[in-house]
Amino acid sequence: IVNDTDTDNLDAVAGSITVDLVLDDANSAADISGTTNDVPAGSTITLLLTDANGTQITVPNVTVDANGNYSIDGVDVSGLVDGDITVTATATDNNGNIVNDTDTDNLDAIEGLITVDLALNDNGATADISGTTTDVPAGSTVTLVLTDANGTQITVPNVTVDANGNYSIDGVDVSGLVDGDITVTATATDNNGNIVNDTDTDNLDAVAGSITVDLVLDDANSTADISGTTTDVPAGSTVTLVLTDANGTQISVPNVTVDANGNYSIDGVDISGLVDGDITVTATATDNNGNIVNDTDTDNLDAVAGSITVDL
5 IVNDTDTDNL
15 DAVAGSITVD
25 LVLDDANSAA
35 DISGTTNDVP
45 AGSTITLLLT
55 DANGTQITVP
65 NVTVDANGNY
75 SIDGVDVSGL
85 VDGDITVTAT
95 ATDNNGNIVN
105 DTDTDNLDAI
115 EGLITVDLAL
125 NDNGATADIS
135 GTTTDVPAGS
145 TVTLVLTDAN
155 GTQITVPNVT
165 VDANGNYSID
175 GVDVSGLVDG
185 DITVTATATD
195 NNGNIVNDTD
205 TDNLDAVAGS
215 ITVDLVLDDA
225 NSTADISGTT
235 TDVPAGSTVT
245 LVLTDANGTQ
255 ISVPNVTVDA
265 NGNYSIDGVD
275 ISGLVDGDIT
285 VTATATDNNG
295 NIVNDTDTDN
305 LDAVAGSITV
315 DL
């Protein structure tokens with residue numbers, strides 16, 4: 005009796021694996037499941053979770069059941085950053101071939117936010133701006149926009165988030181903005197692509213408000229021409245003008261406003277109700293910071309000709 009044997013490998017069924025990733029934002033957890041084909045029951049499935057920064061978590065103790073399926077729930081992913089999370093599932097089929105599959109889901113476990121603080125330096129007309137972020141990638145750009153009461157804006161370039169989530173810039177030139185409340189808006193994008201922003205306001209008083217007034221009286225017509233200039237007083241602001249004679253009688257002049265160049269004037273004001281002598285005008289306005297500014301000027305009125313009578 006003679007005999008012989010020979011062996012060959014049958015690979016009629018292609019090995020394969022599928023994987024499905026479902027993330028639980030509220031609990032920073034992952035549920036992972038999948039199916040296999042031609043992978044022995046009891047085989048280990050290697051599961052690797054990776055975030056956008058390349059940080060990885062390996063999931064242990066996952067095996068194929070008798071039906072070729074596998075699953076694990078509640079995997080802690082709190083060590084990964086928000087954004088796209090990819091799982092890679094790897095196994096070995098009956099012929100020793102490596103099979104794998106991937107799936108991706110988005111993690112939004114941490115709410116992105118930004119804070120901003122504005123400190124203005126009146127003397128130098130500069131701004132120091134700083135703030136913090138949460139769930140915003142290091143190196144991300146923070147857009148800072150400064151706005152004054154007139155709507156004029158300055159955009160601050162080259163501000164980025166550091167490794168600790170903070171940002172700051174000092175000495176920003178704000179001389180192009182008018183005195184008054186200045187608002188800064190800080191905007192960034194978190195790991196999930198959500199826009200986050202915050203605002204802060206401080207008061208700029210870099211320019212001292214002032215007003216001048218000049219009074220010219222027309223004796224022949226009992227009228228007054230009044231003009232003046234302002235500094236740091238908003239265009240369109242009302243200038244209060246009050247004329248006072250030696251008896252304390254006063255005339256208020258209505259409807260006087262500052263023009264776009266900071267000037268004001270009114271001619272032909274009727275002062276026939278005032279007595280001859282020194283007439284004083286007081287001009288009052290409010291600057292961009294709410295400060296009251298005023299000035300006075302005096303001229304002499306001689307509208308009534310002096311006379312004398314004699315009776316013999």
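Positions 5 to 316 (this note's numbering) are the ones given, in order, by the sequence shown.
Ideal placement from N, C-alpha and C gives every residue a C-beta, glycine not left out.
Keep in mind it's a predicted model, so treat the numbers as computed, not measured.
When only Cα atoms are considered, residue 80 and residue 33 end up about 5 Å apart. Within the same chain, and ignoring the five residues on either side of residue 269 in sequence, the residues whose Cβ sits closer than 6 Å to its Cβ are 231. Counting C-beta pairs with one atom in each stretch, the region 65-84 and the region 141-159 have fewer than three that are closer than 8 Å, which means they do not touch. Nearest Cα to residue 263 within the set 184, 246 and 242: 242. Distances from the CA of residue 305 to each of 286, 294, 248 and 288 were compared; the closest alpha carbon is that of 248. Here DSSP, grouped into helix, strand and coil, assigns residue 87 to strand. In the structure shown, residue 37 adopts extended strand secondary structure according to DSSP, grouped into three states. Ranking 70, 62, 43 and 75 by CA distance to the CA of residue 35 puts 75 first. Taking a C-beta distance under 8 Å as the contact criterion, residue 120 and residue 135 qualify as a contact pair. Per DSSP, residue 57 lies in no beta strand (DSSP E) segment and is marked neither H nor E. Taking C-beta separations shorter than 8 Å and ignoring five residues to either side along the sequence, the partners of residue 224 in its chain run 307, following chain order.
The beta carbon of residue 220 is closer than 6 Å to those of 229 in its chain, skipping five residues each way along the sequence. Sorting 39, 87 and 192 by C-alpha distance to the C-alpha of residue 69 places 39 at the top. Counting only runs of 3+ residues, the beta strand (DSSP E) found wholly inside the region 122-152 occupies 130-138 and 147-151, in chain order.
The continuous beta strand (DSSP E) containing residue 199 extends over residues 199-208. Shown here for residue 88: same chain residues with a beta carbon closer than 7 Å to its own, the five before and five after excluded, namely 56, 108 and 110 in chain order. By the CB criterion at 8 Å, residue 151 and residue 116 fall outside the cutoff. Shown here, residue 259 sits in coil according to DSSP, grouped into three states, outside any helix or strand.
In terms of Cβ geometry, residue 286 and residue 300 form a close pair [threshold 8 Å].
Counting along the chain, residue 106 sits inside the beta strand (DSSP E) bounded by residues 102-111.
Counting along the chain, residue 242 sits inside no beta strand (DSSP E), nor does DSSP assign it H or E at all.
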